[in-house]
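One rule links them: number in this note's numbering = place in the sequence shown (from 1) + 592.
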Amino acid sequence: MTSRRDFFKLTGAVAAATVTPAALAGLPEIVSMGTPDTQPPLIPPNGRAYNPVVTLNGWTLPWRMKGGVKEFHLVAEPVVREIAPGMKAHLWGYNGQSPGPTIEVVEGDRVRIFVTNRLPEHTSIHWHGQRLPNGMDGVAGLNQPAIPMGKTFVYEFVARRPGTFMYHPHADEMTQMAMGMMGFWVTHPKGRHPLIDPVDRDFCFLLNAYDIDPGSATPTVNTMLDFNLWTFNSRAFPGVDSLNVRLNDKVRIRVGNLTMTNHPIHLHGVEFEVTGTDGGPTPKGSRWMEVTADIAVGQMRQIEFLADEEGDWAFHCHKSHHTMNAMGHAVPTMIGVDHTGIMKKINKLVPDYMVMGERGMADMTEMEMPLPDNTLPMMTGQGPYGSVEMGGMFTMMKVRRDQKKGDYSDPGWYKAPAGTVAFEYTGALSEPVRAPKSASPQGKPTDVEVTVRKPSGHSGH
Ligand SMILES: [Cu+2]
């Protein structure tokens, strides 16, 4: 992580290089982020105090207090986002990154947001889930004219209810969201709220998805359902930072879904409660313990739990193709098929060619297969015991006894106490009991029941 001081040095330089002072006189300074690393929480320098969030592989936008109004400046612009080491995507976002910065305010705050459009087409911003005047809702054509190229519009409203929100364009929406234009918004409660418990750590991130062909960098924007890169805040494993907490911390994680499908988000190690939805905090009588929360398209969920088990706990989408990176998936299952002969023939023509999945898909890790430039391995990520064989929407929650209060740095791999790790059995093995072999119509013995492979289509997820 970059320190807050480095961050301001860094972004100050970026801002100085990109703003024409005369053109933007009177506007809040543009603060731009140059790195996809998780930034430390932004301790509020003025206004009502609150416990700030940490955005996974993201940051919170500083504001200027002017006459009691919190003023923010978002710049919609093309950005280069590192999806994971080894792959950069050409996206559209805000203030140097996709997703844009998180906006944090307090219930009752008057908020003024300047939105400068540096995209090659018009845009707008919809403040997803907020109570606000109709003309501030951001649907281009319905509530306001679209923001033309090169122009700055002003949104102003009071953050009326505390909770978890998102922002995204409501103009050429399919293109602009497929290109990465979105951000997180948290409205903290003013004072003690009966349904919002204080927590030690408060994380947030968006679920997003891209369709980027292996070897290229720009998303295909007319994809409807068949995306191939599934990301937490525009990062794919192993590029997603871990959520680092102290043993017995009370933890809140806020997740918003701006993809085109649902994601059952699953946490290992402990049980959690869903304490908030798009509509705000849930009544306490409606909460129950679970370990997977399905987050539908356009929804937000906040989960809370006590991190009382030490270790490195997986935290991921439970759709198994969402924990893989880009692949061609019009591929038949080849497990159990012996293609030694055909491989020899193909390799005479194409020396690098390999058949996918003869022994399962584990060969698809980075060690086994040459990849086009700017392409992530399908299944990857080195753990303390070997390849984690994951990609996409996967990361870990690291719970440590000696993690300091307020320290979000990565403690490294968990050192399991002796005798607490699964191990190989080396005793005698007995032969498993099998069903008797049946005879084929030709009279040959066979244990294969069906040998026909029908052609199958693939539509959506
Ligand atoms: Cu998913």
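For glycine and all other residues, C-beta sits at the position ideal for the given N, C-alpha and C. Here the structure is a predicted model, which is why all the values come from computation and not from measurement.
Worksheet item: Does the beta carbon of Trp1054 fall short of 7 Å from some heavy atom of ligand 1?
Response: Residue 1054 lies beyond the residue range present for the chain, which begins at 593 and ends at 1053; the question has no answer from this structure.
Fill in: Heavy atoms of ligand 1 versus C-beta positions, residues under 5 Å
His855, Cys909, Lys911, His914
Discussion item. Give me, in chain order, the residues of the same chain whose beta-carbon lies closer than 8 Å to that of His718; leave out the 5 immediate sequence neighbours on both sides.
Written reply: Asp729, Gly730, Val731, Tyr759, His760, Pro761, His762
Practice prompt. Measure the C-alpha to C-alpha separation of Ile788 and Phe864 and round it to an integer number of angstroms.
Written response: Approximately 15 Å between the Cα atoms of the pair.
Item to complete: Any chance you could list the beta strand (DSSP E) runs of at least 3 consecutive residues sitting entirely within the stretch 740-770, in chain order?
Response: 744-750, 755-760
Discussion item. Could you pull the DSSP bridge partners for Gln736 from this structure?
Written reply: Ala732
Worksheet item: Nearest to Phe776 by alpha carbon, out of Asp994, Val843, Leu648?
Response: With distances taken between Cα atoms, Phe776 lies closest to Leu648.
Discussion item. Helix, strand or coil for Thr915? Go by DSSP, reduced to three states.
Written reply: helix
Item to complete: Return the first residue and the last residue of the beta strand (DSSP E) that His780 is part of.
Response: Unbroken beta strand (DSSP E) run through His780: 775-780.
Discussion item. Check this for me: beta carbons of Pro632 and Tyr1000, under 8 Å apart or not?
Written reply: yes
Worksheet item: Are Asp794 and Asn643 closer than 8 Å when you measure CB to CB?
Response: yes
Discussion item. Just verifying my parser: in three-state terms, what is the DSSP assignment at Ser571?
Written reply: Shown here, the chain extends from 593 to 1053; a query on residue 571 therefore has no answer.
Worksheet item: Since Val889 is in the beta strand (DSSP E), which residue starts that stretch and which ends it?
Response: From DSSP, Val889 is part of no beta strand (DSSP E); its letter is neither H nor E.
Worksheet item: Who does Ser979 pair with in a DSSP beta bridge?
Response: Gln974
Worksheet item: So which of Met989, Val778, Glu674 has the shortest CA-CA distance to Arg753?
Response: Closest in C-alpha terms to Arg753, from the list Met989, Val778, Glu674, comes Val778.
Worksheet entry | Identity of the residues DSSP links to Arg535 by a beta bridge | As displayed, the chain neither begins before 593 nor continues past 1053, which places residue 535 out of reach and without an answer.
Worksheet item: Tell me which same chain residues have a C-beta within less than 6 Å of the C-beta of Asp792, skipping the five on either side of it?
Response: Result list for Asp792: Asp841, Lys842, in chain order.
Discussion item. In the DSSP assignment, the beta strand (DSSP E) including Pro1024 goes from what residue to what residue?
Written reply: For Pro1024, there is no enclosing beta strand (DSSP E), as DSSP marks it with neither H nor E.
Worksheet item: Hey, how far is the Cα of Val825 from the Cα of Val661?
Response: One detail in the question is off: residue 825 reads as Asn in this sequence, not Val. Our two residues, Asn825 and Val661, have alpha carbons roughly 29 Å apart in a direct line.
Discussion item. Just to confirm the assignment, what range does the beta strand (DSSP E) spanning Met816 have?
Written reply: Here Met816 belongs to no beta strand (DSSP E), and DSSP marks it neither H nor E.
Practice prompt. With a cut-off of 8 Å on the beta carbons, I'd call His910 and His858 a contact; round off their distance for me.
Written response: 4 Å
Worksheet item: Span of the beta strand (DSSP E) holding Arg838?
Response: 835-838
Discussion item. Let's test the definition: count the other Cβ atoms within 10 Å of the Cβ of His914 and tell me whether it reaches 16, buried, or not, exposed.
Written reply: buried
Worksheet entry | Best match in Glu669, Ala641, Asp994 for proximity to Asn836 [C-alpha to C-alpha] | Cα-wise, what sits closest to Asn836 is Asp994.
Worksheet item: What residues are listed by DSSP as bridge partners for Pro670?
Response: Trp684
Discussion item. Going by C-alpha to C-alpha distance, which of Glu621, Val697, Gly688 sits closest to Ala641?
Written reply: Val697
Discussion item. Checking the sheet assignment: what are the DSSP bridge partners for Lys658?
Written reply: Val661
Worksheet item: Going by beta carbon distance, what residues of the same chain come within less than 6 Å of Thr708, once the five residues before and after it are set aside?
Response: Val667, Thr744
Fill in: Separation of Ala906 from Thr1018, as counted between CA atoms
28 Å
Worksheet entry | 6 Å Cβ shell around Phe797 - same chain, five flanking residues per side excluded | Around Phe797: Leu648, Phe824, Asn825.
Worksheet item: Starting from Ala906 and walking both ways along the beta strand (DSSP E), at which residues does that stretch end?
Response: Segment 903-909, the beta strand (DSSP E) holding Ala906.
Practice prompt. Could you check which residue in Asn726, Asp818, Pro830, Lys990 has the C-alpha nearest to that of Glu981?
Written response: Pro830
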